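Under this note's numbering, the very last position in the sequence shown is 323; numbers go up by exactly one each time.
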Amino acid sequence: MKKLFALALALVLALSLTVASADELKVIRVGATAAPHAEILESEAVTAKLAELGYKLEVVVYEGYVLENPAVADGTDDANYFQHKPYLDSYNETASESEQLVSAFTVHYEPFAIYSKKVTSLADLQDGAHIGLPNDPSNETRALLLLEAAGLITVPEGTTAASSLTKYDITAEMNPHGYVFDEVAAELLAPTLEDYDIAVINGNYALDAGLKPTTNGLFVEAADSEFATLYANIVAVRPADLDSDWLKALHTALTSKEAYDYMITTYEGGVIPTFTVEDAE
43 MKKLFALALA
53 LVLALSLTVA
63 SADELKVIRV
73 GATAAPHAEI
83 LESEAVTAKL
93 AELGYKLEVV
103 VYEGYVLENP
113 AVADGTDDAN
123 YFQHKPYLDS
133 YNETASESEQ
143 LVSAFTVHYE
153 PFAIYSKKVT
163 SLADLQDGAH
173 IGLPNDPSNE
183 TRALLLLEAA
193 GLITVPEGTT
203 AASSLTKYDI
213 TAEMNPHGYV
223 FDEVAAELLA
233 PTLEDYDIAV
243 INGNYALDAG
253 LKPTTNGLFV
263 EAADSEFATL
273 YANIVAVRPA
283 DLDSDWLKAL
293 HTALTSKEAY
303 DYMITTYEGG
313 VIPTFTVEDA
323 E
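Now the structure itself:
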């Protein structure tokens, strides 16, 4: 009986120590969009690695893009994980000096793709068709370049992935089929896909709607193109936090072999790590 009691007491003490250890983990608060960013952050692959390093995450899911950078700038969140560098640059252009953010590291790339509920091939697209485009500057440029790559339009000479285009830069000569461009908030394109003949949709919002570029996309960005580098998704922070221990831990967790395997197996080409297994810490 005494042995049983001692064993039970040891188990209780062990459990209480485990709980205490979990409670003592330092919290990193990260803003993210639901898919795939919050899913990656909340995966066992990332949370287990962070716990080993003495940290745990509080993930704040945002519906759209516009609130995430201000939440880091004002200290509400420690970091965010939802955007690429051109989007961050666009934010910094209008942010005050005290609100500036920096890219800490890249994690993955999400291919843009053209989707439709009305046609099964771009060859079926009729003159005057409506095309949904994200309405923020960096993503609209990317969408228009993808339409050019697909052979639907041309863009002004000298345009690169770092340029800033809108539908108004596309002349009638560049758009011989008279396509009508509907500029829409990026997060609304997938839910309203049936309103357009085709739409160019950000990878995270496509995934959130159950769309995968490899199976549902009519035309997909090449994974080895300049877009993969320029539009890699980043973790953004305040400049003062670049050398923080918590950021080093977050980097280790998000670029681990476990995180790599999770992205590859879960998203089937919808999320492509920007680091290799050899790079993984």
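Every residue, glycine too, gets a C-beta built ideally from N, C-alpha and C. Everything numeric in this text was worked out from a predicted model, so none of it was measured.
- When DSSP states are grouped into helix, strand and coil, Ser286 belongs to the coil group.
- Annotation note: the stretch 100 to 177 contains the following uninterrupted alpha helix (DSSP H) runs of length 4 or greater, listed N- to C-terminal: 110 to 115, 127 to 136.
- According to the DSSP assignment, Asn275 belongs to the beta strand (DSSP E) that extends over 275 to 279.
- Judged by DSSP secondary structure, Lys68 falls within the beta strand (DSSP E) whose first and last residues are 68 to 75.
- With a 10 Å radius around the Cβ and a threshold of 16 neighbouring Cβ atoms, Thr297 comes out buried.
- Counted as a single uninterrupted DSSP element, the stretch harbouring Phe223 is not any alpha helix (DSSP H) but the beta strand (DSSP E) occupying residues 222 to 226.
- Contact annotation: Lys127 and Ser138 have beta-carbon atoms that are not nearer than 8 Å.
- Residues of the same chain with a CB within less than 6 Å of the CB of Ile240, apart from the 5 flanking positions on each side, are Ile156, Ser158, Ile173 in chain order.
- Contact holds between the stretch 281 to 299 and the stretch 85 to 102, because three or more Cβ pairs, one in each stretch, are under 8 Å apart.
- When the Cα atoms are used, Gly312 and Glu81 turn out to be separated by approximately 13 Å.
- Around the beta-carbon of Met305, 16 or more other beta-carbon atoms lie within 10 Å, marking it buried.
- Excluding the 5 residues flanking it on each side, Ile243 has same chain C-beta neighbours closer than 6 Å at Tyr157, Leu231, Ala232, in chain order.
- Residue range 86 to 94 is occupied by the alpha helix (DSSP H) that includes Ala90.
- Collapsing the DSSP output to three states places Ala251 in coil.
- For the pair Tyr123 and Val262, the CB atoms are not nearer than the 8 Å cut-off.
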